[in-house]
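For the sequence shown, the working numbering begins at 337 and goes up steadily by one. Just so it is clear, CB atoms sit at the ideal spot from N, CA and C, and this is done for glycine as well.
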Amino acid sequence: MLCLGFLTGCGRRPAEQKTQAGHVDAAQHDAFFLWAGVKAPEVLAKAKMIYLLDGEVRASRAAGFVPLRPAVPHVRHAEVWLVVRLERLDWEEPVWRRVLAELDRWQAAGNRLAGLQLDFDARTRGLDRYAAFLAEARRRLPRRYKLSITGLMDWSAGGDPAALAALGSVVDDVVLQTYQGRRTVPGYEAYLRSLARLPFPYRLGLVEGGEWRAPPELARDPHFRGYVVASLAGNAAIASIARWA
């Protein structure tokens, strides 16, 4: 089920996307992640794909789904992923219903909604449990929506092959994060050497302004689909990006 292009409609192939040696220049990319409460930078006006954080499922069961974005976005020029950050996998029925309702709200607002991205720091030794959760998510998700996940670079080095294969069989999009917070993970180069072990297509999440030097073999990896840049522009909260309508 994994998409084999750098997202349908994203245009350029990975080799054509320029990542300046040394640090990440957002202006050289066309796929972005935007946290809730971060002002949309001008560079998003040329984006072909945008991942927008909508809310969280926190560790406390009492919290349920916690919305973080004050209004439904209105994006006409780019494909959009609704992102949910999760701290636990034992979702109650009200949580599932709320997340599915959010997807329908975003689509009804006229967005070109690709689907749902789940942002979860699944431990490498717990990928089998995560794959089971994702299978349930795929079962509940209407077929018109794709399923995306974030992942950790060390999945490729220490992940169980069977668990990785199970995970890859139910998702359409995987973005491996190379950063924590606002910084690139120290020693990221060592993790990149094992990416060829992954049995599914993937993209790499970079942080704007973060350190980055792509190894030569990355462009030759048939599973590599390009980059998604986490934008750090501004700190002001935004209610929507309706000006792009």
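Rounded to the nearest whole angstrom, the C-alpha separation of residue 437 and residue 507 is 20 Å. Membership of residue 428 in any beta strand (DSSP E) is not indicated, and neither H nor E is assigned to it by DSSP. When the five nearest sequence neighbours on each side are left out, the beta carbons in the same chain lying within less than 6 Å of the beta carbon of residue 460 are those of 490, 491, 494 and 495, in order along the chain. Cβ-Cβ separation between residue 452 and residue 425: approximately 15 Å, too far for a contact (criterion under 8 Å).
The criterion of a C-beta distance shorter than 8 Å is satisfied by residue 367 and residue 563. In the structure shown, residue 439 adopts helical secondary structure according to DSSP, grouped into three states.
C-alpha of residue 527 to C-alpha of residue 363: approximately 26 Å in a straight line. Residue 515 carries a strand assignment under DSSP once its states are collapsed to helix, strand and coil. Looking at the DSSP output, residue 359 sits in a beta bridge with 547. 8 Å or more divides the Cβ of residue 511 from the Cβ of residue 530. Looking from the CA of residue 393, the closest CA among 457, 548 and 413 belongs to 457.
Within the same chain, 411 and 416 come within 6 Å of residue 447 by CB-CB distance, once the 5 residues on both sides are set aside.
Scanning the stretch 487-539 from its first residue to its last, the whole beta strand (DSSP E) runs of 3-plus residues come out as 509-513.
Collapsing the DSSP output to three states places residue 481 in coil. Per DSSP, the beta-bridge partners of residue 566 are 369 and 543.
When DSSP reads this structure, residue 455 sits in a beta bridge with 421. Between residue 401 and residue 554, the alpha-carbon positions lie close to 37 Å from each other. The three-state reading of DSSP puts residue 391 in strand, counting E and B together. Residue 465 and residue 487 have their C-alpha atoms spaced approximately 14 Å apart. Beta-bridge pairing by DSSP links residue 448 to 415. DSSP places residue 406 in no beta strand (DSSP E); its state is neither H nor E. Between the beta-carbon of residue 395 and that of residue 423 there is about 4 Å, and that keeps the pair under the 8 Å contact cut. Boundaries cannot be given for residue 381, as no alpha helix (DSSP H) includes it and DSSP labels it neither H nor E.
Here residue 476 has 432 and 436 as same chain residues with Cβ atoms under 8 Å from its own Cβ, once five neighbours each way along the sequence are excluded.
Looking at the DSSP output, residue 469 bridges to nothing.
Here residue 428 is exposed. Its C-beta has fewer than 16 other C-beta atoms within 10 Å.
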